[in-house]
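Colleague:
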Amino acid sequence: MIKAYLIDLDGTLYHGRQRIEGADKLIQTLNDQAVSYLFVTNNSSRTPQGVADHLNGMGIPAEASQVCTSAVSAAEYVAEESPGAKVACIGEAGLLQAIDEAGLQLTEDKPEYVIQGIDREFSYHKLTKALRWINDGATSILTNPDLQLPSDDGLTPGAGTIGAAIEAATGVSPTVIGKPSSIIMKSAIDRLNLRADEVAVIGDNMRTDIAAGAAAGCETLLVLTGVTTRENMDNHISATKVRPDHVFDDLHKLIEWLSQQASQASKKG
Numbered sequence: 003m004i005k006a007y008l009i010d011l012d013g014t015l016y017h018g019r020q021r022i023e024g025a026d027k028l029i030q031t032l033n034d035q036a037v038s039y040l041f042v043t044n045n046s047s048r049t050p051q052g053v054a055d056h057l058n059g060m061g062i063p064a065e066a067s068q069v070c071t072s073a074v075s076a077a078e079y080v081a082e083e084s085p086g087a088k089v090a091c092i093g094e095a096g097l098l099q100a101i102d103e104a105g106l107q108l109t110e111d112k113p114e115y116v117i118q119g120i121d122r123e124f125s126y127h128k129l130t131k132a133l134r135w136i137n138d139g140a141t142s143i144l145t146n147p148d149l150q151l152p153s154d155d156g157l158t159p160g161a162g163t164i165g166a167a168i169e170a171a172t173g174v175s176p177t178v179i180g181k182p183s184s185i186i187m188k189s190a191i192d193r194l195n196l197r198a199d200e201v202a203v204i205g206d207n208m209r210t211d212i213a214a215g216a217a218a219g220c221e222t223l224l225v226l227t228g229v230t231t232r233e234n235m236d237n238h239i240s241a242t243k244v245r246p247d248h249v250f251d252d253l254h255k256l257i258e259w260l261s262q263q264a265s266q267a268s269k270k271g
């Protein structure tokens with residue numbers, strides 16, 4: 003029985019600043035059913051409060067405590083592995099705050115870890131510093147492998163593109179935290195205090211959301227509201243070697259399914 007949901011954001015609930023049809027009703031349905039959920043995003047630039055503000059601004063109710071970002075998961079991963087570690091950061095506000103709140107020491111002097119996310123002020127100078135830190139033995143952590151990000155005026159390079167430059171310079175593959183890695187999913191599942199088989203993942207991207215959910219042992223619900231379509235789904239399945247447990251054409255179809263599940267659970271109860 004599914005007790006909670008991990009919900010992707012961009013492509014699932016909205017496109018940029020545009021709410022996807024049915025997104026507000028989906029969250030209302032889960033709230034009405036008293037079902038737990040977390041918003042799980044590869045975005046490392048926004049703080050959890052910033053993500054919640056973005057959702058609320060589109061009429062999708064959200065609280066910071068319901069948001070799990072790749073930045074927070076990356077900082078928590080390092081803090082669990084090495085409490086109070088010295089870390090260098092290549093990233094933006096969301097990652098800097100996460101590092102601070104995880105009790106890690108921010109430094110540019112012989113860091114033990116380099117945590118890298120999206121950095122729209124990335125430069126040759128920062129690449130040089132990352133190269134030297136990692137060559138001197140720092141562990142490389144990548145918040146998420148997204149190569150491209152949508153923006154209001156077209157695609158922009160993502161954290162994964164910067165990470166590819168650092169990996170090319172150092173020859174060192176980073177530990178990847180965000181989707182399709184299971185690390186961010188396990189972090190969210192632990193926050194819910196549930197087993198993986200009690201959690202389902204809702205997302206639009208076979209190569210990130212669904213692949214990560216499957217890797218973590220969760221049930222997977224694909225909505226065709228973003229990256230994955232009926233036309234390209236087979237290619238994504240072939241590339242990921244993962245098949246979603248359920249596929250929905252839109253959020254309204256998903257809401258109908260959730261209502262059916264709640265009805266069946268009520269009858270069994």
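Take 3 as the starting number for the sequence shown in this note's numbering and just add one per residue. Glycine residues also receive a C-beta, built at the ideal position from the N, C-alpha and C atoms.
(1) Short check: CB of residue 116 to CB of residue 136, under 8 Å?
(2) Look at the alpha carbon of residue 250 and the alpha carbon of residue 95, and state the distance between them as a whole number of angstroms.
(3) Which complete beta strand (DSSP E) runs does the segment 98–148 hold, if anything under 3 residues is left out?
(4) Which residues does DSSP list as the beta-bridge partners of residue 248?
(5) Does the Cβ-Cβ distance between residue 62 and residue 32 come in under 8 Å?
(6) Please say whether residue 227 and residue 192 have beta carbons closer to each other than 8 Å?
(7) So what does DSSP say about residue 202, is it helix, strand or coil?
(8) From the DSSP output, in three-state form, read off residue 59 for me.
(9) Going by DSSP, what residue range makes up the alpha helix (DSSP H) through residue 74?
(10) Write down every uninterrupted run of the beta strand (DSSP E) in the segment 155–205 whose length is 3 residues or greater and which is fully enclosed by it, in chain order.
(11) Which of the three DSSP states, helix, strand or coil, is assigned to residue 242?
(12) Please classify residue 189 as buried or exposed, where buried requires at least 16 neighbouring CB atoms within 10 angstroms.
(13) Just the Cα atoms here: how many angstroms apart are residue 149 and residue 230?
(14) Contact defined as beta carbons within less than 8 Å: I believe residue 114 pairs with residue 141. What is the distance between those atoms, to the nearest angstrom?
Modeller: In short, the structure shows the following:
(1) Here residue 116 corresponds to residue number 114 of the sequence shown, with the count starting at 1. Here residue 136 corresponds to residue number 134 of the sequence shown, with the count starting at 1. The Cβ-Cβ distance between residue 116 and residue 136 falls below 8 Å.
(2) Taking the first residue of the sequence shown as 1, we reach residue 250 at position 248. Taking the first residue of the sequence shown as 1, we reach residue 95 at position 93. Spanning the alpha carbons of residue 250 and residue 95 requires a straight line of approximately 35 Å.
(3) 115–118, 141–144
(4) Working through the sequence shown from its first residue, we reach residue 248 at position 246. Looking at the DSSP assignment, residue 248 forms a beta bridge with 223.
(5) Here residue 62 refers to the residue found at position 60 of the sequence shown. Here residue 32 refers to the residue found at position 30 of the sequence shown. Between residue 62 and residue 32, the C-beta spacing is not below 8 Å.
(6) The sequence position of residue 192 within the sequence shown is 190, counting from 1. The sequence position of residue 227 within the sequence shown is 225, counting from 1. No, the pair does not count as a contact, with Cβ atoms beyond the cut-off.
(7) Locating residue 202 in the sequence shown gives position 200, where the first residue counts as 1. DSSP, reduced to helix, strand and coil, places residue 202 within a strand of the structure shown.
(8) Against the sequence shown, residue 59 aligns to sequence position 57. It is helical.
(9) In the sequence shown, the residue the question calls residue 74 occupies position 72. Note, residue 74: alpha helix (DSSP H), 72–83.
(10) 156–159, 201–205
(11) One-based indexing of the sequence shown puts residue 242 at position 240. Helix at residue 242.
(12) As a working mapping, residue 189 is identified with position 187 in the sequence shown. The residue is buried, with at least 16 neighbouring Cβ atoms inside 10 Å.
(13) For the purposes of this step, residue 149 is identified with residue 147 of the sequence shown, where counting begins at 1. For the purposes of this step, residue 230 is identified with residue 228 of the sequence shown, where counting begins at 1. If you draw a straight line from the Cα of residue 149 to the Cα of residue 230, it comes to about 16 Å.
(14) Residue 114 sits at position 112 when you count from the first residue of the sequence shown. Residue 141 sits at position 139 when you count from the first residue of the sequence shown. That pair is a contact at about 7 Å.
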